[in-house]
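J.: Following this message is one structure expressed as structure tokens.
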Amino acid sequence: MPEYQPQRVVIAGGGTAGWISAAALSRKFGDLLDITLVESEAIGTVGVGEATIPPMRVFHKLIGIDEQAFMRATSATFKLGISFENWGQIGERYLHSFGKTGRETWLAEFVHFWLRAQELGMAEGFGDYCLEHEAALQNRFATSPSSKVNFAYHLDATRYAAFLRELSEAAGVKRVEGKIDEVVLDSESGDINALKLDNGELIPGDLFIDCTGFRALLIEEALHAGYDNWQHWLPCDSATVVQTQLTGEPKPYTRSIAHEAGWRWQIPLQHRMGNGLVYASQFMDEASAKAKLLEDVEGAPCSEPRTLRFVTGCRKAQWKKNCVSLGLASGFIEPLESTSIHLVIMGITRLMQMFPFDGIRASTRDEFNAQSRLELEKIRDFIVLHYHQTQRNDTPFWDYCRNMDIPESLAHRMALFRDSAKAFQKDGELFRVDSWTQVMLGQGLVPERYHPSANIMQPEEMRTFFEGMRKQVVDAVAQLPQHGQFIQRYCASDHTR
Ligand SMILES: Cc1cc2nc3c(=O)[nH]c(=O)nc-3n(C[C@H](O)[C@H](O)[C@H](O)COP(=O)(O)OP(=O)(O)OC[C@H]3O[C@@H](n4cnc5c(N)ncnc54)[C@H](O)[C@@H]3O)c2cc1C
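Given below as structure tokens:
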């Protein structure tokens, strides 16, 4: 075997993105890499990002993270979906659950049969045929190695970074405390040679991962990758956040409550509630946002409210020269469907699958960028759908969203669903047919027809089919314990504050 020189990987930034990257690389590539992470306590992290989606569980398994230890350390709760309130119309609510709804045939998805059964007056709500949906609404949850329940987590972001830091340092990652003052470029190639800290120390590397958050010190300030601005489709650009005391048992879902100029999240952890009011500054000022948030939250505040600003969009190239950007440095769609941490996980997984052990090639970089872009655009479309497909006409913000132009790819998807009740998931897309269907129906996009194969079923057969499915869901949910009870048994955290 030829002698292998470990590649020097330098991770700039120690927020969720930095430490996820460090944990994954160190636990999987061990001795193949020499990994250094630079972070600045004085600058700190964004400190939000507490709702996740199910693929995180797969990632944790791949890098050998024990679920119970992780949940205890991060005061995590379980998440079965997101409750969207006041989105289609004020007073309406639907749940985008992580489960599978009903049963399909090879000819047509479940929604076609459900539409027919609705016509016949034989079907209940779409979500009534989904275990995760019903369990969420009844505040019930359990998991076991053989369970098929699909779920994600709510977690404390600061503790998650600390948890991953411990794992990464144990696996050999060197952490350097300090402020990056300069990104030193090679005068010929334009690659990054080193990071220079404010104490003069140089951190040289072969591959750099920019996890410096919105600052994007490497990928943008030094390498000028460029940014595609998506604000015309995703106009929210601010969030005022505050933590409050819990007022009851934590619910196994995130709440997303639309308001006159955006929406508010409510994320229950074991020891507190995370809250944030997301808004478009063009339609609401900061003082009003703060007042509204403090008026609407349920428990007593246990932190000072603070406001974060962002520009929705993404870097034109996620990987440029010898620098890969992950997390907020690579862009930000917006937190509505909790996709940012997922994108970090996908980014580092993709990088590991294409890792340039024997040197960076343009073909690798181009493929990485093409795959990342496709994934981002599909997620963007899914989020834009929530804003655009609404009947709300009570404020200028909702008038703007209802009337704005939308990406062609989304317009096609909406037309297809309206015309034929058909939804799809293409290669490289995150959201499943179930997700698109739940949100399109929930936001009031009503299909004009369904697949004729749904008519083949005789009414009595249809009734038996729907009653049987409903009974299965009701019986399965009745077996589950209360969410809070299960947490106590399975992963109670020592943290009380
Ligand atoms: C309002 C809001 C809500 C969100 N909600 C969710 C959610 O529910 N779910 C989800 O998945 N995601 C969410 N996100 C996104 C999520 O917070 C981020 O994707 C995730 O936390 C990763 O952040 P980061 O590590 O990229 O950046 P940061 O946390 O900002 O970390 C940046 C790091 O870089 C370091 N750094 C910066 N400059 C320097 C320097 N000069 N020298 C040294 N170090 C430096 C900092 O010290 C820090 O360690 C949300 C984001 C926002 C803004």
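Read in the working numbering, the sequence shown has 260 at position 263, and its numbers run on one by one without any break.
The beta-carbon is built from N, C-alpha and C at its ideal position, and this holds for glycine as well.
Could you pull out every residue in the same chain whose Cβ sits closer than 8 Å to the Cβ of T361, ignoring the five residues on either side in sequence?
T.: Counted from its first residue, the sequence shown places residue 361 at position 364. Answer for T361: M351 and P353, listed in chain order.
J.: Excluding the 5 residues preceding and the 5 following A139 in the sequence, name in chain order all residues of the same chain whose CB lies nearer than 7 Å to its CB.
T.: Your numbering for residue 139 matches position 142 in the sequence shown. Counting only Cβ-Cβ distances below 7 Å, and skipping sequence neighbours, we find L477, P478 and F483.
J.: Between the beta-carbon of A326 and the beta-carbon of D207, is there less than 7 Å?
T.: As a working note, residue 326 is residue 329 in the sequence shown. As a working note, residue 207 is residue 210 in the sequence shown. A contact, by the Cβ cut-off of 7 Å.
J.: Please identify the residue among L30, E101 and A288 whose C-alpha is closest to the C-alpha of P298.
T.: What you label residue 298 is simply residue 301 of the sequence shown in a count that begins at 1. Here the closest residue by C-alpha is A288.
J.: Can you tell which of F211, M119 and P404 has its C-alpha closest to the C-alpha of R312?
T.: Here residue 312 refers to the residue found at position 315 of the sequence shown. Residue F211 is the option with its Cα nearest to R312.
J.: Going by CA-CA distance only, name the one from D402, K318 and W111 that's closest to E185.
T.: Translated into positions along the sequence shown, residue 185 becomes position 188. Out of D402, K318 and W111, K318 has the C-alpha closest to the C-alpha of E185.
J.: Rounding to the nearest angstrom, what Cα-Cα distance links G197 and D31 in this structure?
T.: Locating residue 197 in the sequence shown gives position 200, counting from the first residue. Locating residue 31 in the sequence shown gives position 34, counting from the first residue. So the two alpha carbons sit approximately 21 Å from each other.
J.: Sort out for me which residues DSSP pairs S322 with in a bridge.
T.: If you number the sequence shown from 1, residue 322 lands on position 325. Answer is D207.
J.: Over what stretch of residues does the beta strand (DSSP E) that includes D28 continue unbroken?
T.: For the purposes of this step, residue 28 is taken as the residue at position 31 of the sequence shown. First-last for D28: undefined, no H or E at that position.
J.: Within 10 Å of its beta-carbon, does F421 have 16 or more other beta-carbons around it, so buried, or fewer, so exposed?
T.: Your numbering for residue 421 matches position 424 in the sequence shown. Per the 10 Å Cβ criterion, exposed.
J.: For ligand 1, any of its heavy atoms closer than 6 Å to the Cβ of R212?
T.: Taking the sequence shown and counting its residues from 1, one reaches residue 212 at position 215. At least one heavy atom of ligand 1 is nearer than 6 Å to the Cβ of R212, so yes.
J.: Could you check which residue in L243, D28 and E36 has the C-alpha nearest to that of S72?
T.: Here residue 72 is taken as the residue at index 75 of the sequence shown, counted from 1. Nearest C-alpha to S72: L243.
J.: Contact check, M466 vs G99 under 8 Å by CB: the rounded distance?
T.: Here residue 466 corresponds to residue number 469 of the sequence shown, with the count starting at 1. Here residue 99 corresponds to residue number 102 of the sequence shown, with the count starting at 1. Rounded, the Cβ-Cβ distance is 6 Å, consistent with contact.
J.: Rounded to the nearest angstrom, what separates P444 and S450 at their Cα positions?
T.: If you number the sequence shown from 1, residue 444 lands on position 447. If you number the sequence shown from 1, residue 450 lands on position 453. Taking the straight line joining both Cα atoms gives about 16 Å.
J.: Where does S184 fall in DSSP's three states?
T.: Here residue 184 refers to the residue found at position 187 of the sequence shown. Three-state DSSP puts S184 in coil, outside helix and strand.
J.: Secondary structure at R269, three-state DSSP: helix, strand or coil?
T.: Here residue 269 corresponds to residue number 272 of the sequence shown, with the count starting at 1. In this structure, R269 counts as coil in the three-state DSSP scheme.
J.: Looking at C-alpha atoms only, which residue of G328, K58, F81 and R486 is the closest neighbour of V436?
T.: Locating residue 436 in the sequence shown gives position 439, counting from the first residue. Per the Cα distances, F81.
J.: Out of G324, G296 and L231, state which residue places its alpha-carbon closest to the alpha-carbon of Q279.
T.: Within the sequence shown, residue 279 is the residue found at index 282, counting from 1. Out of G324, G296 and L231, L231 has the C-alpha closest to the C-alpha of Q279.
J.: I'd like the list of long-range same chain contacts for A154, defined as Cβ closer than 7 Å, with 5 residues on each side in sequence excluded.
T.: Position 157 of the sequence shown, counted from the start, is the residue given in the question as residue 154. For A154, where only same-chain residues beyond five positions count, the Cβ hits under 7 Å are T13, G44, V45, G46 and E47.
J.: Report all residues from its chain with a CB closer than 8 Å to the CB of N390; omit the five preceding and five following residues, and keep chain order.
T.: Along the sequence shown, read from residue 1 onward, the residue named residue 390 stands at position 393. Excluding positions up to five away in sequence, the list reads D396 and R399.
J.: Do three or more CB pairs link the region 60 to 74 to the region 370 to 382 at distances below 8 Å?
T.: No, they do not touch.
J.: What are the partner residues of R303, as DSSP defines its beta bridges?
T.: Within the sequence shown, residue 303 is the residue found at index 306, counting from 1. Note: R303 sits in a beta bridge opposite V238.
J.: Could you pull out every residue in the same chain whose Cβ sits closer than 6 Å to the Cβ of Y384, ignoring the five residues on either side in sequence?
T.: Taking the sequence shown and counting its residues from 1, the one referred to as residue 384 is at position 387. Around Y384: C398.
J.: Tell me the rounded alpha-carbon separation between E405 and A412.
T.: To locate residue 405, count along the sequence shown from 1; it is residue 408. To locate residue 412, count along the sequence shown from 1; it is residue 415. Using only the alpha carbons, I get a separation of about 10 Å.
J.: Between which residues of its own chain and R306 is the CB-CB distance below 7 Å, once the five residues before and five after are set aside?
T.: The residue given as residue 306 occupies position 309 in the sequence shown. The residues are D234 and S235.
J.: Quick check for students: name the residue ranges of the alpha helix (DSSP H) that lie wholly in the region 429 to 471, counting only runs of 4 or more.
T.: The qualifying runs are 430 to 439 and 450 to 453.
J.: Can you give me the C-alpha to C-alpha distance between I216 and E334, rounded to a whole angstrom?
T.: On the sequence shown, position 219 is the one that residue 216 refers to. On the sequence shown, position 337 is the one that residue 334 refers to. Roughly 25 Å between the two C-alpha positions.
J.: Quick one: give me the first and last residue of the beta strand (DSSP E) that H151 is part of.
T.: As a working note, residue 151 is residue 154 in the sequence shown. From DSSP, the beta strand (DSSP E) with H151 extends over A149 to H151.
J.: Could you spell out where the alpha helix (DSSP H) holding D225 opens and where it closes?
T.: Here residue 225 is taken as the residue at index 228 of the sequence shown, counted from 1. It is not in any alpha helix (DSSP H) - D225 instead sits in the beta strand (DSSP E) that spans Y224 to N226.
J.: So is P265 buried or exposed if we call it buried at 16+ other beta carbons inside 10 Å?
T.: Position 268 of the sequence shown, counting from 1, holds the residue named residue 265. P265 should be labelled buried.
J.: Would you call the region 214 to 228 and the region 108 to 117 in contact, with 3 or more CB pairs under 8 Å?
T.: Touching, no.
J.: What residues in its chain sit with their C-beta under 6 Å from that of V321, if we drop five residues either side in the sequence?
T.: By 1-based counting over the sequence shown, the position of residue 321 is 324. I206 and L348, listed in sequence order.
J.: Can you give the beta carbon distance from V254 to N83, rounded, assuming they're within the 8 Å contact cut?
T.: Position 257 of the sequence shown, counted from the start, is the residue given in the question as residue 254. Position 86 of the sequence shown, counted from the start, is the residue given in the question as residue 83. The residue you asked about is not Val; residue 254 is Ile in the sequence shown. Correct: roughly 6 Å between the Cβ atoms.
J.: Skipping 5 residues on each side, what residues in its chain have a beta carbon closer than 7 Å to that of A277?
T.: Counting from one through the sequence shown, the residue named residue 277 turns up at place 280. Counting only Cβ-Cβ distances below 7 Å, and skipping sequence neighbours, we find P232, C233, D234, A258, G259 and F394.
J.: Going by alpha carbons, who is nearest to S165 out of V471, F428, I60 and D363?
T.: As a working note, residue 165 is residue 168 in the sequence shown. The shortest Cα separation from S165 among V471, F428, I60 and D363 belongs to I60.
J.: Measuring from the CB of V45, is there a heavy atom of ligand 1 at a distance below 6 Å?
T.: Here residue 45 refers to the residue found at position 48 when the sequence shown is read from its first residue. Yes; taking the cut-off as 6 Å, the Cβ of V45 has a heavy atom of ligand 1 nearer than that.
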